[in-house]
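Enquirer: Just so you know, the sequence shown maps onto residues 109 to 388 in my numbering.
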Amino acid sequence: MRTVAIRAGWRRGLIELRQSFTNGPELTSHFLWPVLMLVALFFLRDRDFGSTGFLLGALALPSILGMNAAMGMVSMSQQLTADREDGTLLRAKATPNGMPGFLVGKVVSVAGGLLADLAILLIPGLLIVEGLAVGSATGWLTLVWVLLLGMVATLPIGAVLGSVFTSARSQGLIQLPVLGLIAISGIFYPITALPDWLEWIGQLSPIYWLGLGMRSALLPDSAVVVEIDATWRHLETAAVLGVWALIGLAVAPVVLRRMARRESGSKVAERRERALQRVA
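#1: Indicate whether G321 and G174 have their beta-carbon atoms separated by less than 9 Å.
#2: Suppose contacts are defined by Cβ-Cβ distances below 9 Å. Is W317 in contact with V359 by that definition?
#3: For L149, which option in I309, L163, Q127 has the closest C-alpha, if you only look at C-alpha atoms?
#4: With the cut-off set at 9 Å, would you say A200 and D191 are in Cβ contact?
#5: Residues in its own chain within less than 6 Å of I228 by CB, not counting five upstream and five downstream?
#6: Express the C-alpha separation of W352 and L257 in angstroms, rounding to a whole number.
#7: Confirm, please, whether the CB-CB distance from G233 to M63 is below 9 Å.
#8: Relative to the C-alpha of F273, which residue among D225, R119, E193 is closest?
#9: Please report the Cβ distance between V215 and L269, rounded to the nearest whole angstrom; I am assuming they are in contact, meaning their Cβ atoms lie under 8 Å.
#10: According to DSSP, is D191 helix, strand or coil?
#11: Please name the residue in V212, I309, W118 whose C-alpha comes closest to that of M184.
#12: Determine, using beta carbons only, whether G165 and I265 come nearer to each other than 9 Å.
#13: Mind checking whether I295 and V182 have CB atoms under 9 Å apart?
#14: Taking 8 Å as the cut-off, does the region 321 to 334 touch the region 244 to 255 (at least 3 CB pairs, one atom from each stretch)?
#15: Would you please state the rounded distance, in angstroms, between the beta carbons of L343 and I315? I believe it to be under 8 Å.
#16: Can you check which of these residues, L152, G221, V362, Y297, is closest to S271 by C-alpha distance?
#17: Select from L169, N131, L364, L223 the residue whose C-alpha is nearest the C-alpha of I236.
#18: Using DSSP's beta-bridge definition, name the partner residues of D304.
#19: Are there 16 or more other CB atoms within 10 angstroms of the CB of G161, so buried, or fewer, so exposed?
#20: Under 9 Å, do G117 and F210 count as touching if we go by C-beta distance?
#21: Report the rounded CA-to-CA distance for R369 versus L223, giving the unit in angstroms.
#22: For W340, count neighbouring Cβ atoms within 10 angstroms of its own Cβ and tell me buried if that reaches 16, exposed if not.
#23: Taking C-beta to C-beta, are V254 and T111 nearer than 9 Å?
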């Protein structure tokens with residue numbers, strides 16, 4: 109039965125992913141943010157970071173990749189909330205093996221869209237930005253394991269957040285704290301330039317470690333001098349992301365089961381009625 113659910117979820121996820129690249133508004137969302145980031149990188153490509161001799165664009169590109177990977181949790185939360193609001197989740201609940209298949213499909217579609225968005229940013233970025241170390245197989249392997257572990261760490265968090273918030277309007281409550289964490293996670297400026305207490309807060313977030321891992325994969329070894337303790341801290345990166353992954357994988361199934369049990373036709377109708385009243 110579990111195999112059936114996984115297969116159904118895989119097919120569902122691929123269908124949703126294909127639809128996101130054939131639907132005008134969703135296709136725009138796939139390209140809009142990467143294009144804006146590429147424009148910013150274009151203007152940063154020749155600017156030096158202080159007296160270090162490193163280009164700010166080269167330092168920024170891997171960090172932005174890490175940030176985009178972490179933002180998968182926001183996408184997961186938004187999609188779960190939308191499916192809950194329009195009754196898709198309730199229909200999955202009423203179908204044999206529907207909930208496991210629904211969750212597998214959601215992971216496939218969100219992860220697939222995330223990987224596509226990263227490719228849209230990375231490939232042109234490599235042509236725009238100089239000073240990256242892209243000729244090392246070790247670097248690309250590092251990028252792969254950091255990205256995969258980062259998705260395992262962040263997507264369950266997104267599922268938990270999507271279970272907690274009941275409407276699309278409440279998603280703003282998620283985005284504001286995430287933007288705050290991005291600001292103090294060394295994404296657009298090295299975290300060593302921040303006060304010590306903000307450094308500690310930033311390092312509690314998976315966003316910082318995803319950015320650090322991406323920088324370790326794509327920057328030359330000499331760039332490590334701008335990091336904390338002048339080291340890439342691969343073991344710490346794996347440990348922190350692993351802890352977030354374990355927490356998310358332990359908590360997400362429990363929260364999702366409770367959310368599914370509380371869903372009913374009357375609640376979906378009530379939410380739909382409130383949405384229509386807001387439109388009117």
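The beta-carbon is built from N, C-alpha and C at its ideal position, and this holds for glycine as well. All of these numbers come straight from a predicted model, not from anything done at the bench.
Expert: Taking the geometry as given:
#1: Against a cut-off of 9 Å, the Cβ pair of G174 and G321 comes out as a contact.
#2: Cβ distance not < 9 Å, so W317 and V359 don't count as in contact.
#3: The candidate whose alpha carbon is nearest that of L149 is L163.
#4: For A200 and D191, yes; Cβs fall inside 9 Å.
#5: Excluding its 5 nearest sequence neighbours in each direction, I228 has C-beta neighbours in its own chain below 6 Å: P142, listed in chain order.
#6: So the alpha carbons of these two residues sit roughly 10 Å apart.
#7: Nothing can be reported for residue 63, as the shown portion of the chain is limited to 109 through 388.
#8: Nearest C-alpha to F273: E193.
#9: Going by Cβ atoms, the distance from V215 to L269 rounds to 15 Å, so no, they are not a contact pair.
#10: Here D191 sits in helix by DSSP.
#11: Taking only the C-alpha atoms, the option nearest M184 is V212.
#12: The answer is no: Cβ separation not under 9 Å.
#13: Inclusion of I295 and V182 in the CB contact set at 9 Å is not warranted, their separation being larger than that value.
#14: With a cut-off of 8 Å, the region 321 to 334 and the region 244 to 255 count as touching, because enough Cβ pairs lie within range.
#15: Actually they do not touch by this definition, with Cβ atoms about 19 Å apart.
#16: Measuring from the Cα of S271, the nearest candidate turns out to be V362.
#17: Proximity to I236 across L169, N131, L364, L223 peaks at L169, based on C-alpha coordinates.
#18: None, per the DSSP bridge assignment.
#19: So G161 ends up on the exposed side.
#20: Less than 9 Å divides the Cβ of G117 from the Cβ of F210.
#21: If I take the Cα positions, the gap works out to 32 Å.
#22: Buried, by the Cβ-count rule.
#23: The answer is no: Cβ separation not under 9 Å.
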